[in-house]
Amino acid sequence: MTEAQRAALANWLAEQAGAVRATIEEICELSGGAIQENWLIRVTMNGGLLPGCSELVLRTDSPSRVAQSHSRAQEFALLKVAQTTGMTVPEALFLDNEGAAIGKPAYVMRRAAGTANPRQLTRDPALDPHRPSLAKSLGQEIARLHRIKPPHPKLGFLGPAPTAPASQRAESFLVELDTLPTPLPILEWGRRWLARNAPASDRVVLCHGDYRIGNVMVDGARITGILDWEFASWGDPIEDIGWLCARCWRFGVDDREVGGVGARADLYRGYEAEVGYLVDWSSVPYWEVMATIRWGIIAHHQGLRHTSGAESSMELALTGRKAVEMELDVLNQIRRIEEGT
335 MTEAQRAALA NWLAEQAGAV RATIEEICEL SGGAIQENWL IRVTMNGGLL PGCSELVLRT
395 DSPSRVAQSH SRAQEFALLK VAQTTGMTVP EALFLDNEGA AIGKPAYVMR RAAGTANPRQ
455 LTRDPALDPH RPSLAKSLGQ EIARLHRIKP PHPKLGFLGP APTAPASQRA ESFLVELDTL
515 PTPLPILEWG RRWLARNAPA SDRVVLCHGD YRIGNVMVDG ARITGILDWE FASWGDPIED
575 IGWLCARCWR FGVDDREVGG VGARADLYRG YEAEVGYLVD WSSVPYWEVM ATIRWGIIAH
635 HQGLRHTSGA ESSMELALTG RKAVEMELDV LNQIRRIEEG T
């Protein structure tokens with residue numbers, strides 16, 4: 335970030351907070367966030383809504399983007415709505431939809447304590463005694479979000495609610511696959527399997543769309559923030575569960591089926607405790623296949639952002655290489671479902 339951008343950002347923060355002056359003590363780009371940029375800001379304000387020293391996060395557009403992701407203004411609105419459910423999300427503070435501060439759209443939220451680092455959260459032995467309660471909390475958190483049903487006055491940009499969530503999600507993959515430069519027969523075949531085996535659903539709710547370890551801040555054994563709302567949509571609530579439990583998001587710790595951190599039984603227990611009724615979990619394996627195909631398509635698109643020259647990034651290049659692993663997973667998952675193993 336240039337000195338001019340830093341000065342403009344300080345002035346904008348002071349204006350938004352109603353402060354006499356804002357002094358940025360430190361600003362640095364945070365790791366992660368392959369689709370958007372996240373900047374940590376340590377700022378001292380004189381008066382206003384945030385007097386004294388605060389740690390904030392500015393979230394803004396990356397040099398290239400994924401077409402399916404929401405704008406920063408839409409993501410800001412989603413955070414505001416999620417807060418009303420009691421879900422643990424960072425407090426959304428200020429929106430700069432016109433790019434007045436740094437030259438492109440951005441919003442500012444409070445920094446959540448802890449870490450979202452998947453390697454630490456899946457492998458730290460200090461977390462082992464707390465894994466049942468962590469998995470339960472993951473169920474409770476997403477169940478709170480699933481209280482939001484369409485239509486919603488602040489979420490009109492999500493469009494109409496799907497009448498057949500699974501079928502329509504599988505259908506959307508056709509467009510995404512067709513925009514890639516090479517044919518992907520395994521993912522095409524998997525998509526056809528999804529279309530032929532789509533479960534009916536009588537529940538349509540607000541889904542996070544990327545609910546997984548890596549987008550969950552944890553401090554000790556406590557969830558402190560659910561991050562990255564750029565793929566939220568109306569959908570079947572089990573879609574979020576399938577995404578969280580898919581092998582591709584266990585980060586190599588496959589025996590802990592909930593994101594590499596815990597057990598399904600604890601996740602399901604937390605969800606049912608929050609919603610107050612028993613849930614039919616029989617469609618979760620189907621939605622795990624959906625998750626794997628979706629991530630495979632995204633991985634190909636992410637790799638293309640690098641190889642096309644639009645954005646030079648080792649992370650994007652490595653993500654593109656993950657797509658082949660997803661294709662093998664799709665074959666194995668469907669085989670297990672069809673064999674009943």
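By this note's numbering, the letter at position 308 of the sequence shown is numbered 642, and the numbering carries on one by one without gaps. For every residue, glycine included, the Cβ atom is placed at its ideal position computed from N, Cα and C.
Worksheet item: By how many angstroms is the C-alpha of Ala-597 removed from the C-alpha of Gln-402?
Response: 31 Å
Discussion item. Quick check on this structure: which residue in Pro-533, Ala-407, Asp-553 and Glu-645 has the alpha carbon closest to the alpha carbon of Leu-489?
Written reply: Checked all of Pro-533, Ala-407, Asp-553 and Glu-645; the closest Cα to Leu-489 is Ala-407.
Discussion item. Suppose you measure from the CA of Asp-553 to the CA of Lys-414; what does that come to, to the nearest Å?
Written reply: 22 Å
Worksheet item: Would DSSP call Asp-600 helix, strand or coil?
Response: In the structure shown, Asp-600 sits in a helix (DSSP, three-state: H, G or I).
Fill in: Inter-residue Cα distance where the pair is Lys-470 and Gly-604
4 Å
Worksheet item: Is the distance from the Cβ of Ala-460 to the Cβ of Met-443 below 8 Å?
Response: no
Item to complete: Pull up the DSSP beta-bridge partners for Cys-387, would you.
Response: Thr-378
Worksheet entry | Proximity of Trp-527 and Ile-668 at Cβ, strictly below 8 Å | yes
Worksheet item: So is Gly-610 buried or exposed if we call it buried at 16+ other beta carbons inside 10 Å?
Response: exposed
Discussion item. For the segment 429 to 441 against the segment 562 to 576, do three or more pairs of beta-carbon atoms, one drawn from each stretch, fall closer than 8 Å, so that the two count as touching?
Written reply: These segments do not touch.
Worksheet item: Under a three-way DSSP split, which group does Ile-632 fall into?
Response: helix
Worksheet item: Looking at the structure shown, is Ile-476 part of a helix, part of a strand, or coil, going by DSSP?
Response: In the structure shown, Ile-476 sits in a helix (DSSP, three-state: H, G or I).
Worksheet item: CB-CB under 7 Å to Ala-555, same chain, minus the five flanking residues each way: which ones, in chain order?
Response: Leu-461, His-464, Ser-467 and Leu-468
Worksheet item: In three-state terms, what does DSSP make of Ser-642?
Response: coil
Worksheet item: Could you check where the beta strand (DSSP E) with Ile-358 kicks off and where it finishes?
Response: 355 to 363
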